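Here's the structure we're looking at; comments come further down.
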Amino acid sequence: MGEIKVKEKDIVVPGDILATGMDCLPSYGTYRLGDDIRAARLGLAKVEGKVVKITSLSGRYIPKRGDTIIAKIYDVIMSGWLLDTNSAYHAMLGMKEATSRFIQKGADLTRIYALGDYVVCKITNVTSQKLVDVSMRGPGLRKLEGGRMIEVNTHKVPRIIGKDGSMVTMIKNATNCRITVGQNGLIWVSGEPDMENIAIQAIQKAEAEAHTGGLTDRIKGFLDKNIPKEAQEKNKAKAQQESSNEEESRTFDRDNKFDRDNRFDRNNRFDRDKK
Numbered sequence: 149m150g151e152i153k154v155k156e157k158d159i160v161v162p163g164d165i166l167a168t169g170m171d172c173l174p175s176y177g178t179y180r181l182g183d184d185i186r187a188a189r190l191g192l193a194k195v196e197g198k199v200v201k202i203t204s205l206s207g208r209y210i211p212k213r214g215d216t217i218i219a220k221i222y223d224v225i226m227s228g229w230l231l232d233t234n235s236a237y238h239a240m241l242g243m244k245e246a247t248s249r250f251i252q253k254g255a256d257l258t259r260i261y262a263l264g265d266y267v268v269c270k271i272t273n274v275t276s277q278k279l280v281d282v283s284m285r286g287p288g289l290r291k292l293e294g295g296r297m298i299e300v301n302t303h304k305v306p307r308i309i310g311k312d313g314s315m316v317t318m319i320k321n322a323t324n325c326r327i328t329v330g331q332n333g334l335i336w337v338s339g340e341p342d343m344e345n346i347a348i349q350a351i352q353k354a355e356a357e358a359h360t361g362g363l364t365d366r367i368k369g370f371l372d373k374n375i376p377k378e379a380q381e382k383n384k385a386k387a388q389q390e391s392s393n394e395e396e397s398r399t400f401d402r403d404n405k406f407d408r409d410n411r412f413d414r415n416n417r418f419d420r421d422k423k
């Protein structure tokens, strides 16, 4: 009968025996050697029933379809923009995926997104040759204005976000900062300068201690120590109000787009009927 030799979130190094027995199954970051399942890389053990895998503690970001990332415009070409994805691979943002606005042929694309601009985008396709396509047509996808950009270990991003966004939401509410976390390890923070500093320190603390238990309580303690409770309550109320305003704005934009599309369809039908 198989036996799991490690506990959840144990730190393991290459060659460590994680489990024995043929009814235990190797997964990401592990390999089988005879009757044993061993670690292939440095990381945290993750046990799901009889399946053992490793969550890496280091390494560059590898683009995956569906990821939301923060990328930097580094070149403008005839058909769109080339983006630095903070990885070994660059991405292409085509004109059709850049905006819902009509872009005239020959338009100066730098008037839409200029060199050095940071954008929040979604990966729509990754080929076997690691050619990456991205889109900015979707909720929350936009150009970032102002604020500060920091970089974290991409493998720590899930802990920084927290379950259902709990960790990053707690930091947002306590500091009243707007925070966007890219799955490629870039994080944008925008708020009052002193609150930005505290938010960044909290994020960096979460990154440094991501492999340990009780992280949420320690981050809450850090925020409580650095921000008076009364200020936290005010910041939370402001953050919730701003979030509500953003949702209303997105709804208004969607309704306007629907009206414009309907008018366009009606005008087209009218022109066809006249002919």
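The opening position of the sequence shown corresponds to residue 149 in my numbering, with each subsequent residue numbered one higher.
No residue lacks a Cβ here, since even glycine has one placed at the ideal position from N, Cα and C.
Quick caveat: nothing in here was measured; it's all calculated off a predicted structure.
Handout entry: residue 266 burial status per 10 Å Cβ neighbour count (16 or more: buried)
Key = So residue 266 counts as buried.
Exercise for the section: If I'm right that residue 197 touches residue 170 with Cβ under 8 Å, what's the distance once you round it to whole angstroms? Expected result: The C-beta distance from residue 197 to residue 170 rounds to 15 Å, too long to fall under 8 Å, and the pair is not in contact.
Exercise for the section: Since I believe residue 224 is in contact with residue 258 (beta carbons under 8 Å), could you give me their beta-carbon distance rounded to a whole number of angstroms? Expected result: A Cβ-Cβ distance of about 6 Å is found for the pair residue 258 and residue 224, placing them in contact under the 8 Å criterion.
Problem - Proximity winner among 299, 356, 284, 359, relative to residue 336 (alpha-carbon distances) - result: Relative to residue 336, the option among 299, 356, 284, 359 whose CA is nearest is 299.
Practice task
Can you tell me which of the three DSSP states residue 313 falls into?
Solution key: For residue 313, the secondary structure class from DSSP, reduced to helix, strand or coil, is helix.
Exercise for the section: Could you check the C-alpha separation between residue 222 and residue 166 for me, to the nearest Å? Expected result: Using only the alpha carbons, I get a separation of about 43 Å.
Practice task
With DSSP as the reference, please indicate the residues paired to residue 240 in a beta bridge.
Solution key: Residue pairing by DSSP places residue 240 opposite 230, 281 in a beta bridge.
Problem - Backbone secondary structure at residue 306 - three-state DSSP - result: Residue 306: helix per DSSP, three-state reduction.
Problem - Simplified DSSP assignment, three categories, for residue 256 - result: Residue state, collapsed to three classes: coil.
Practice task
Go to residue 347, then tell me how far its alpha helix (DSSP H) extends in each direction, as first and last residue.
Solution key: Residue 347: member of the alpha helix (DSSP H) spanning 341-356, first to last residue.
Handout entry: Residue of 343, 358, 360 minimising C-alpha distance to residue 371
Key = Residue 371 has its Cα closest to that of 343, out of 343, 358, 360.
Handout entry: Straight-line gap, residue 168 to residue 185 (C-alpha atoms, nearest Å)
Key = Each residue's Cα considered, the two are about 6 Å apart.
Problem - Contacts around residue 353, its chain only, beta-carbon distance under 7 Å, and the 5 residues preceding and following it disregarded - result: Cβ neighbours of residue 353 beyond the five flanking positions: 367, 370.
Exercise for the section: Output the boundary residues of the beta strand (DSSP E) element that contains residue 178. Expected result: Unbroken beta strand (DSSP E) run through residue 178: 178-181.
Exercise for the section: Could you tell me whether the Cβ atoms of residue 311 and residue 355 are closer together than 7 Å? Expected result: Pairing residue 311 with residue 355 gives a Cβ-Cβ distance that is not under 7 Å.
Exercise for the section: Tell me, please, which residues DSSP counts as bridged to residue 326. Expected result: 338, per the DSSP bridge assignment.
Exercise for the section: Determine the burial state of residue 254: buried for a count of at least 16 other Cβ atoms within 10 Å of its Cβ, exposed for fewer. Expected result: Burial call: exposed.
Exercise for the section: Evaluate contact between the stretch 310-324 and the stretch 267-274, counting only Cβ atoms and requiring at least three cross-stretch pairs below 8 Å. Expected result: In this structure the stretch 310-324 does not lie against the stretch 267-274, because fewer than three pairs of beta carbons, one per stretch, are closer than 8 Å.
Exercise for the section: Locate the alpha helix (DSSP H) running through residue 203, then write down its first and last residues. Expected result: Element bounds for residue 203: not the alpha helix (DSSP H) but the beta strand (DSSP E), 199-204.
Practice task
On the DSSP bridge assignment, give the partners of residue 297 in chain order.
Solution key: BP columns for residue 297 point to 336.
Handout entry: Cβ neighbours of residue 376 in the same chain (closer than 7 Å, five flanking residues each side left out)
Key = Closer than 7 Å at the Cβ level, and outside the excluded window around residue 376, lies no residue.
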